[in-house]
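The numbers in the sequence shown follow this note's numbering, run straight up by one, and end at 403.
Glycine residues also receive a C-beta, built at the ideal position from the N, C-alpha and C atoms.
Written below as structure tokens is the structure these notes are about.
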Amino acid sequence: MHALVNTGITAARRAGDLIMRYRNRVHNLKVTSKGRNDFVTEIDQQAEAAIIDTISKTYPAHGFLGEESGRQGNTEAYWIIDPLDGTTNYLHDFPMFCVSLGFCMRGVMEHAVIYDPMSQELFTATRGEGAQVDGRKIRVSNRHGLDGALIGTGFPYSTLTHLDAYMGMFKDVLSQTAGIRRAGSAALDLAYVAAGRLDGFWEAGLKSWDMAAGTLMIREAGGLVTSLSGSDSYMESGNIVAGTPKVHGELLKLLSPHLNEELRK
Ligand code: 2AM
Ligand code: CA
């Protein structure tokens, strides 16, 4: 395994251990949800600091783009960090959350690590070298189309501006597939597509740290990833469709009548 991936794994496990250590305390906090939210924000920040500290010890020249601390240092060789993806789940003790790390070199994603501290599953990928779960090679499923496919998604949550467009998509996907799952951690959903547990995935308005690791993983597992209109701009727009080659193509077609100008980006 690549040395960078090993360092990423050490960092992700350290963050995961911290997240698990505070889990009971979060759940038992009988204060207002605001108080619980603040506490979780603090855990996010501590987990991100632990990741940056671990990586910096081995690679002091690397930069970071973190959900909590933003951009710092080197912008050529840097790590994209989501220290706790699925914060709402974590807050409710719903067991779907993860640590997501991607290493980017001159604009190209090179390595990916996604760690699920509940199941202790570790997903990894390196560009050109495939994707693994716990060291075993993973591939996207062999699903040849939407018929019988299980599709992951994320609901609109903050602005709700695209809710009507989304409901149209939801209706069409629901009626043509085996079902839809909304697990609440986009990074873990993408890892599940890479592992063949979901046949496809779509969501609008994600951030680069939600997608950086999972999208490399899917490509290395033989899947396709694009924006909702089929371009490469998903890292900028956050609008993403992924899946096995056939499922990806059919999902694109099914979603396209529902796209407005914003969602086409
Ligand atoms: P986060 O937990 O790191 O914030 C799912 O729709 C994705 O959107 C998750 O990966 C989640 O990442 C992100 N997200 C941000 N705010 C959210 C919210 N209020 N509700 C649900 N998901 C949210
Ligand atoms: Ca996230």
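For ALA185, the enclosing alpha helix (DSSP H) starts and ends at 171-196. Not one heavy atom of ligand 1 is found less than 7 Å from the C-beta of ALA141.
Annotation for ALA342: no alpha helix (DSSP H) segment contains it, and DSSP assigns it neither H nor E. Annotation for ASP220 indicates a beta carbon within 7 Å of some heavy atom of ligand 1. With a cutoff of 8 Å on beta-carbon distance, LEU362 and GLY381 are scored as near each other.
Take the alpha-carbon of PRO233 and the one of ARG277: they are about 24 Å apart. A distance of 8 Å or more separates the beta carbons of VAL251 and VAL331. Taken from the Cβ of LEU393, every heavy atom of ligand 1 lies 7 Å or farther away.
Contact between the region 334-346 and the region 372-389 is present: three or more C-beta pairs spanning the two stretches fall below 8 Å.
Your pair ALA321 and LEU239 does not check out as a contact, with CB atoms roughly 19 Å apart and the cut at 8 Å. Under the DSSP definition of a beta bridge, HIS200 lacks any partner. Assignment of ARG402 by DSSP, reduced to helix, strand and coil, places it in the coil class.
Only residues of its own chain outside the window of five on either side were considered, and among them GLY173, ARG174 and PHE177 have a CB closer than 8 Å to the CB of LEU167, listed in chain order. Of the heavy atoms belonging to ligand 1, none sits nearer than 7 Å to the Cβ of LEU366. Placement of the Cβ of ALA324 at a distance of less than 7 Å from at least one heavy atom of ligand 2 is found.
If you check the CB distance, LEU222 and ASP182 come in under 8 Å. In the DSSP annotation of this structure, the continuous segment of the beta strand (DSSP E) that includes SER238 starts and ends at 236-243.
Between ILE147 and LEU260, the beta carbon gap of about 6 Å places them in contact (Cβ cut-off 8 Å). Contact annotation: the region 348-357 touches the region 254-268, with at least three C-beta pairs closer than 8 Å. Counting only runs of 4 or more residues that sit fully inside the region 347-385, the alpha helix (DSSP H) segments are 372-375, in chain order. With contacts defined by Cβ atoms closer than 8 Å, ASP220 and ALA325 form a contacting pair.
C-alpha of ARG319 to C-alpha of MET349: approximately 18 Å in a straight line.
Closer than 7 Å to some heavy atom of ligand 2: that describes the Cβ of ASP348.
The DSSP-derived three-state label of LEU298 is coil. When distances are taken from the beta-carbon of GLU206 to the heavy atoms of ligand 1, even the shortest one reaches 7 Å or more. Taking 7 Å as the cut-off, the C-beta of ASP223 counts as close to a heavy atom of ligand 2.
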